[in-house]
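Visitor: The opening residue of the sequence shown carries number 19 in our numbering; numbering runs sequentially from there.
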Amino acid sequence: MNREENDLEKIKTGIPGFDEIAGGGFIKNRNILVQGEAGTGKSTFSMQYLVEGIRQYNENGLFISLEYDPIFLIEDMKAYNWPINEYTRENKLSIVAPKGGLENPSNMNVDDLINFIFEETDKVNAKRLVIDSLNSLEFIFSKTENYRKEMIRFNSLIGDLECTTLLISELHNNIYTYLSHGVINLFYTKVGANRLRGIEVRKMRGTQHSSYTHAMLIQDSTGIEVLPTEIDFNL
Ligand SMILES: Nc1ncnc2c1ncn2[C@@H]1O[C@H](COP(=O)(O)OP(=O)(O)OP(=O)(O)O)[C@@H](O)[C@H]1O
Ligand SMILES: [Mg+2]
């Protein structure tokens with residue numbers, strides 16, 4: 019490990035059990051990919067990251083929802099007993115969708131989206147950012163002439179924000195796996211008649227992290243808890 023890597027500043031997610039398997043948390047102001055299939059807990063993980071940022075670390079949060087109306091997202095998260103409405107009122111948390119973007123994403127281009135993200139980040143002085151999801155972003159990028167180039171440009175511009183950013187993705191192994199500084203994989207896998215949850219830190223540059231897939235719970239009223247025990251889905 020060189021000196022620069024040693025000096026990397028970490029931020030704790032505050033999600034119970036997660037920072038321990040991630041070598042202390044996320045590297046500050048970097049982009050992390052959170053990927054997993056439907057219902058694996060991507061939105062829950064990301065919202066909890068924002069809520070704990072406010073509750074424990076005095077870092078405000080912004081959730082950019084490119085897929086659902088924020089109203090639905092807030093409703094889905096109600097059971098967790100997180101003070102989402104309170105934080106929103108206090109201007110510590112903002113959950114937004116780009117105007118016109120949800121109904122008609124074809125109206126939006128990459129620059130509009132980047133401007134929107136920069137403006138919204140400023141409004142709440144966000145230090146933690148979530149973009150849900152990359153798959154919607156890809157739709158916007160697909161209209162550009164050079165998809166890959168635009169993706170790299172977007173990644174670099176998001177990197178200019180003073181935010182530690184989570185990008186949610188349903189697909190594995192997209193180009194973002196290589197562009198982002200960290201990759202978190204979420205699983206909800208069938209074992210016999212049941213399904214079990216797991217979480218893996220697949221990549222975290224400059225960090226020694228667990229190489230295991232760990233058991234994960236989503237609990238009513240508290241949300242995600244990562245267990246120190248590994249899980250083998252092939253058992
Ligand atoms: N209050 C709750 N208590 C326990 N488990 C819950 C609760 N709310 C949701 N879940 C579990 O979490 C799952 C959804 O998590 P989440 O919405 O974070 O997943 P996701 O990966 O974002 O899904 P999608 O791909 O649909 O966006 C539900 O399918 C359910 O199994
Ligand atoms: Mg989701």
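Don't be surprised by glycine CBs; every beta carbon is placed ideally from N, CA and C.
1. From the DSSP output, read off the bridge partner residues of T58.
2. Looking only at its own chain, which residues have a Cβ that is under 8 Å from the Cβ of F159, when we skip the five neighbours before and after it?
3. Following a CB-centred definition, is Y98 positioned closer than 7 Å to any heavy atom of ligand 1?
4. With a threshold of 16 other CB atoms inside 10 Å of the CB of D178, please say whether the residue is buried or exposed.
5. Within 7 Å: the Cβ of S61 and any heavy atom of ligand 2?
6. Does the beta-carbon distance from L84 to I149 come in below 8 Å?
7. In the DSSP output, which residue or residues are listed as bridge partners for F36?
8. Let me check understanding here. Comparing Cα to Cα, which of S187, H232 and G200 lies closest to K60?
9. Could you check if F36 is buried or exposed, using at least 16 other CB atoms within 10 Å of its CB as the buried criterion?
10. Could you give the distance in angstroms between the alpha-carbon of N252 and the alpha-carbon of V209?
11. Please specify which runs of the beta strand (DSSP E), each continuous and at least 3 residues long, are wholly inside the region 64-105, giving them in chain order.
12. Do you know how far the Cα of A144 is from the Cα of L80?
13. Can you give me the Cβ contacts of P88 inside the same chain, cut-off strictly under 7 Å, excluding the 5 residues immediately before and after it?
14. Please check the pair T247 and H232, which I expect to be a contact at CB under 8 Å, by giving their CB distance rounded to whole angstroms.
15. Around the Cβ of K161, are there at least 16 other Cβ atoms within 10 angstroms (buried) or fewer (exposed)?
16. For ligand 1, I want to know if E188 counts as a neighbour, meaning its beta carbon is within less than 7 Å of at least one of the ligand's heavy atoms.
17. Given this structure, state the Cα-to-Cα distance separating V219 from L131, to the nearest angstrom.
18. Regarding D150 and ligand 2, is the C-beta to nearest heavy atom distance less than 7 Å?
Guide: In short:
1. To locate residue 58, count along the sequence shown from 1; it is residue 40. According to DSSP, T58 bridges with nothing at all.
2. As a working note, residue 159 is residue 141 in the sequence shown. Same-chain partners within the cutoff: V128, Y165, E168, M169 and F172.
3. In the sequence shown, counting from the first residue as 1, residue 98 sits at position 80. Within the cutoff, so yes.
4. Stepping through the sequence shown from its first residue, residue 178 is reached at position 160. When all chains shown are included, D178 counts as exposed.
5. Taking the sequence shown and counting its residues from 1, one reaches residue 61 at position 43. Yes, the Cβ of S61 comes within 7 Å of a heavy atom of ligand 2.
6. As a working mapping, residue 84 is identified with position 66 in the sequence shown. As a working mapping, residue 149 is identified with position 131 in the sequence shown. Taking 8 Å as the Cβ cut-off, L84 and I149 qualify as a contacting pair.
7. Your numbering for residue 36 matches position 18 in the sequence shown. Paired residue(s): none; F36 is not in a bridge.
8. Walking along the sequence shown from the start, residue 60 turns up at place 42. Per the Cα distances, S187.
9. On the sequence shown, position 18 is the one that residue 36 refers to. Burial call: buried.
10. The residue labelled residue 252 in the question sits at position 234 within the sequence shown. The residue labelled residue 209 in the question sits at position 191 within the sequence shown. Cα to Cα, N252 sits roughly 8 Å from V209.
11. 78-83
12. In the sequence shown, the residue the question calls residue 80 occupies position 62. In the sequence shown, the residue the question calls residue 144 occupies position 126. Those two C-alpha atoms are separated by around 6 Å.
13. Translated into positions along the sequence shown, residue 88 becomes position 70. Within the same chain, P88 has close Cβ partners I113, V114 and A115.
14. If you number the sequence shown from 1, residue 247 lands on position 229. If you number the sequence shown from 1, residue 232 lands on position 214. So it is a contact: roughly 7 Å between Cβ atoms.
15. Sequence index remark: in the sequence shown, residue 161 carries index 143 (1-based). Exposed, since its Cβ has fewer than 16 Cβ neighbours within 10 Å.
16. To locate residue 188, count along the sequence shown from 1; it is residue 170. Yes, since a heavy atom of ligand 1 falls inside the 7 Å radius drawn around the Cβ of E188.
17. One-based indexing of the sequence shown puts residue 219 at position 201. One-based indexing of the sequence shown puts residue 131 at position 113. When rounded, the distance between both Cα atoms is 29 Å.
18. Residue 150 sits at position 132 when you count from the first residue of the sequence shown. Because some heavy atom of ligand 2 lies under 7 Å away, the Cβ of D150 counts as near it: yes.
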